[in-house]
Amino acid sequence: MEEQKIVRRIDLKVVFYLEAVINLVVVILCIFFPSFFIGQFTTITLQIPGIEIIRWYGILLLVITLILLGALITKKYEFIRIVLISYLIGDIAQIGATIYFALKIATWNFAIIFTMVITVILIVFRILVLSFPMLIKEKKIT
Numbered sequence: 018m019e020e021q022k023i024v025r026r027i028d029l030k031v032v033f034y035l036e037a038v039i040n041l042v043v044v045i046l047c048i049f050f051p052s053f054f055i056g057q058f059t060t061i062t063l064q065i066p067g068i069e070i071i072r073w074y075g076i077l078l079l080v081i082t083l084i085l086l087g088a089l090i091t092k093k094y095e096f097i098r099i100v101l102i103s104y105l106i107g108d109i110a111q112i113g114a115t116i117y118f119a120l121k122i123a124t125w126n127f128a129i130i131f132t133m134v135i136t137v138i139l140i141v142f143r144i145l146v147l148s149f150p151m152l153i154k155e156k157k158i159t
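Residue numbering for the sequence shown follows the numbering used here, beginning at 18 and increasing consecutively.
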């Protein structure tokens, strides 16, 4: 009986695990330190409803991050694919929302630029994985 070797190509899943770690840091900031979180984007002081919306965002981000982690852990490409397509649509919407936000507050600070750069990088990696599934799949060789 021949042994099967599993050869890994460049595994881009690591990029999405890193994204999940960054998201979880943002979740902690949003839920426990919402004023600090929003303070990275604007000097405008938010009232209580605005602060609570930031907490709500943190909870939603936690849920979608857990969905991403679940997809990555299952290693089922079809599940990962559905999640990445959904995230890609969200990334495109986030770019629009970030530009709109920056124009509304008339500021392009580090946090806004960082958000844009990370989002564009993630878009590129999502498109790569969606176009070339072998970048996250194992290939068995006998």
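Ideal placement from N, C-alpha and C gives every residue a C-beta, glycine not left out. For clarity, every value in this text was computed on a predicted model and none was experimentally measured.
CB-CB length for residue i against residue j, believed under 8 Å
i	j	result
Val100	Ile116	No, Val100 and Ile116 are not in contact; Cβ-Cβ is about 25 Å, not under 8 Å.
Ser52	Ile68	6 Å
Leu152	Leu29	5 Å
Span of the alpha helix (DSSP H) around residue i
i	result
Phe33	30–49
Thr59	Element bounds for Thr59: n/a, residue is neither H nor E.
Leu139	127–148
Ala110	94–122
Ile81	65–91
6 Å CB neighbourhood of residue i in its chain, flanking five on each side removed
i	result
Ile122	Thr59
Leu105	Arg143
Thr132	Thr115
Gly75	Val44, Cys47, Ile48
Ile140	Asp108
Ala37	Thr82, Leu85, Leu86
Val32	Phe142
Close-in-space but distant-in-sequence residues of the same chain around residue i (CB under 7 Å, 5 per side omitted)
i	result
Leu78	Asn40, Val43, Val44, Cys47
Ser148	none
Gln111	Thr136
Cβ pair residue i, residue j closer than 8 Å
i	j	result
Thr82	Asp108	no
Ile71	Phe54	yes
Leu89	Ile97	yes
Neighbourhood of residue i by C-beta distance below 8 Å, restricted to the same chain and skipping five residues each side
i	result
Ile129	Phe58, Thr115, Phe118, Ala119
Chain B within 8 Å of residue i, Cβ atoms only
i	result
Ile76	The chain inventory of the structure shown lacks chain B, comprising one protein chain alone.
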